[in-house]
């Protein structure tokens, strides 16, 4: 959002090339056409616009630097995205192709989305729309029985992993977010539990928490 202070990215992570999308200002240097799908439209627009010019490692982050409650899902003592990025093990991202920046399993694991759960659980609105969204996103009916990963749509991917899919896939995902009739919270939630699959992981991607900290941040006791 245009009112949010993102200067910390350049100030504290100046070794990283950054592209910051504003979702509510059509005059910003980088902007989405509308404010829709929360972070997902910006993430996908970046991939579509830079598909042929991606850096070796790409980190997708929210606009907040740190602190509670806005960064509650960030796995450092001060909930700091700066600390997370500085500790990120690039070799692991390159080897695995994808790294969720959150290792704490809840919310999200072990079985957050069950599209065919019957009877459905109250409050699990995203899983009720997930099967249809999957068909529209992926052009197939191979909907997983269970989808799970630690929340919350902050992650790193390698360029090689992104390029495992043609640009047309990302354009389709982008257009889905742009045109779906689902409210923002649901379209964003569908994408939240799709990123790991899009980037080559199994439908249930719930690494052991301590192993995740070791792999992603270099210490099993990172948090």
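Numbering (the working numbering), first residue to last: 29 to 251. For each residue, glycine too, the CB sits at the ideal point set by N, CA and C.
Start and end residues, beta strand (DSSP E) containing residue i
i           : result
residue 85  : 85-88
residue 185 : 183-186
residue 46  : That residue, residue 46, is in no beta strand (DSSP E); it is neither H nor E in DSSP.
Contacting residues, own chain, Cβ-Cβ under 6 angstroms from residue i (five flanking each side not counted)
i           : result
residue 142 : 155 and 174
residue 122 : 186
residue 68  : 205, 216 and 219
residue 98  : 92
residue 138 : 176 and 234
residue 188 : none
Whole-angstrom distance between residue j and residue i, CA atom to CA atom
i           : j           : result
residue 172 : residue 214 : 18 angstroms
residue 76  : residue 206 : 13 angstroms
residue 157 : residue 31  : 32 angstroms
residue 238 : residue 149 : 30 angstroms
residue 133 : residue 234 : 7 angstroms
residue 115 : residue 105 : 13 angstroms
residue 151 : residue 167 : 27 angstroms
residue 42  : residue 144 : 45 angstroms
residue 40  : residue 110 : 7 angstroms
residue 53  : residue 136 : 32 angstroms
residue 182 : residue 56  : 23 angstroms
residue 194 : residue 230 : 19 angstroms
residue 107 : residue 196 : 35 angstroms
residue 112 : residue 101 : 11 angstroms
residue 61  : residue 73  : 10 angstroms
Host alpha helix (DSSP H) of residue i (start-end)
i           : result
residue 321 : Past the boundaries of the shown model lies residue 321; the chain is included only from 29 to 251, so the question cannot be answered.
residue 238 : 237-245
residue 216 : 212-220
residue 207 : 195-207
residue 35  : 35-40
residue 223 : 223-226
Cut-off 8 angstroms between Cβ atoms - residues of its own chain near residue i, not counting five sequence neighbours on either side
i           : result
residue 241 : 103, 131, 247, 248, 249, 250 and 251
residue 146 : none
residue 48  : 34, 37, 58 and 91
residue 163 : 169 and 171
7 angstroms CB neighbourhood of residue i in its chain, flanking five on each side removed
i           : result
residue 120 : 127, 243 and 244
residue 192 : 228
residue 208 : 215
residue 88  : 71, 182 and 183
residue 212 : 64, 65 and 66
_Stretch pair the segment 194-209 + the segment 81-93: three plus CB contacts closer than 8 angstroms_ = no
*Cβ pair count under 8 angstroms reaching 3, the segment 177-185 against the segment 217-234*: yes
*With a floor of 3 residues, list each beta strand (DSSP E) that falls wholly inside the segment 70-148, ordered by position along the chain.*
85-88 and 126-128
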